[in-house]
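Per my numbering, numbering of the sequence shown is gapless, rising by one per residue and ending at 155.
Built from N, CA and C at the ideal position, the CB exists for glycine as well.
Quick caveat: nothing in here was measured; it's all calculated off a predicted structure.
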Amino acid sequence: QADVGGYVTSNDPLALKAEAGFKLVTQDTVKVGTSTYQHLLFHVTSPPDAVTGKQVPLVVDRYFVPGPAGLAIVSLATPDGVDNVDAFLLMIKSFAWS
């Protein structure tokens, strides 16, 4: 995508509104290493567990990473209340186009 910010604004939050429990927390840009990515932070409800049927609230960090093959959308989710900020930062820093 040539205009990643425009893509994010016009597509992703609108599509996510249909997800159970969706609530947008932030839509911003974040610096990861030497790159700057479009970023969404939002809440949703997990799909039902296959065994118990239980659903839990999730916090999702979604990064939009432009590259030579297109646009990668990297979504990192954790149950609400679990602190995975450092782990998520390591994961997004390790992403690379091949």
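Rounded to the nearest angstrom, what separates residue i and residue j at their Cα positions?
{"i": "residue 111", "j": "residue 137", "result": "14 Å"}
{"i": "residue 118", "j": "residue 72", "result": "16 Å"}
{"i": "residue 132", "j": "residue 66", "result": "16 Å"}
{"i": "residue 152", "j": "residue 121", "result": "11 Å"}
{"i": "residue 127", "j": "residue 64", "result": "12 Å"}
{"i": "residue 86", "j": "residue 102", "result": "24 Å"}
{"i": "residue 93", "j": "residue 129", "result": "14 Å"}
{"i": "residue 84", "j": "residue 68", "result": "13 Å"}
{"i": "residue 116", "j": "residue 149", "result": "16 Å"}
{"i": "residue 106", "j": "residue 91", "result": "38 Å"}
{"i": "residue 70", "j": "residue 97", "result": "9 Å"}
{"i": "residue 147", "j": "residue 108", "result": "31 Å"}
With distances taken Cα to Cα, identify the nearest neighbour of residue i among the options.
{"i": "residue 95", "options": "140, 147, 60", "result": "60"}
{"i": "residue 145", "options": "75, 70, 89", "result": "89"}
{"i": "residue 104", "options": "114, 86, 64", "result": "114"}
{"i": "residue 125", "options": "154, 106, 74", "result": "154"}
{"i": "residue 134", "options": "106, 62, 99, 108", "result": "99"}
Based on DSSP bridge pairs, tell me the residues matched to residue i.
{"i": "residue 112", "result": "Paired residue(s): none; residue 112 is not in a bridge."}
{"i": "residue 80", "result": "100"}
{"i": "residue 85", "result": "96"}
Ignoring anything shorter than 3 residues or poking outside the stretch 118-143, list the beta strand (DSSP E) runs there in chain order. 127-136
With contact counted as at least three CB pairs below 8 Å, one residue from each stretch, are the stretch 76-90 and the stretch 123-140 in contact? With fewer than three CB-CB distances shorter than 8 Å, the stretch 76-90 does not count as touching the stretch 123-140.
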